[in-house]
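Participant: Position 6 (the sequence shown) corresponds to 6 in the working numbering; numbering is contiguous.
Structure incoming, see below.
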Amino acid sequence: MVGRFLFVFLSVPLLALASPGCDNGPDGEVLPSPTPTSGEVTANIYDGDHPDLNVYVGARIRWRNLGDIAHTVTAKDGSFDTGPIEEGQRSGYILFSKVGTIEYYDTLNPGMVGRIQVFEK
């Protein structure tokens with residue numbers, strides 16, 4: 001009985017630590033999350049991966065390239081284009097002022113795509 005109690009008592013905190021995070025990380029960095037974020041946000045780009053993001057109207061996003069090659073973040077509807085973001089560099093901030101879904105892709109690596117969902121606060 002005591003052994004079972006200790007197992008449960010010690011397991012609960014470990015499960016909490018193992019649960020995936022869904023919040024802003026350091027420096028306003030966005031971790032993939034179904035919960036919209038507001039303010040200034042930095043989203044990381046890795047080779048082969050552009051993140052899907054959820055933000056509130058008024059959020060400003062910039063992208064940081066943590067990959068080994070240059071990337072772009074270009075809206076399919078033409079509303080924004082970061083231009084090339086070299087390895088280790090960041091784009092300027094882009095303001096999202098309207099509710100909706102914006103599909104984007106990487107013009108230098110066309111198979112890399114992502115989506116930004118903008119919600120009313």
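Ideal Cβ positions, reconstructed from N, Cα and C, are used throughout, including at glycine.
In whole angstroms, give me the CA-to-CA distance for residue 84 and residue 64.
Facilitator: Here residue 84 refers to the residue found at position 84 of the sequence shown. Here residue 64 refers to the residue found at position 64 of the sequence shown. Between residue 84 and residue 64, the C-alpha separation is close to 11 Å.
Participant: Can you have a look at residue 118 and say buried or exposed, based on whether 16 or more other CB atoms are within 10 angstroms of its CB?
Facilitator: As a working note, residue 118 is residue 118 in the sequence shown. Residue 118 is buried by the Cβ-count criterion.
Participant: If you reduce the DSSP assignment to three classes, tell me which class residue 43 lands in.
Facilitator: Along the sequence shown, read from residue 1 onward, the residue named residue 43 stands at position 43. Correct three-state label for residue 43: strand.
Participant: Work out the CA separation of residue 68 and residue 79 for me, nearest whole Å.
Facilitator: Within the sequence shown, residue 79 is the residue found at index 79, counting from 1. Within the sequence shown, residue 68 is the residue found at index 68, counting from 1. About 27 Å.
Participant: So, for residue 38: in the same chain, excluding its five sequence neighbours on each side, which residues have a beta-carbon less than 6 Å away from its beta-carbon?
Facilitator: Against the sequence shown, residue 38 aligns to sequence position 38. Excluding sequence neighbours, residue 38 sits near 56 and 59.
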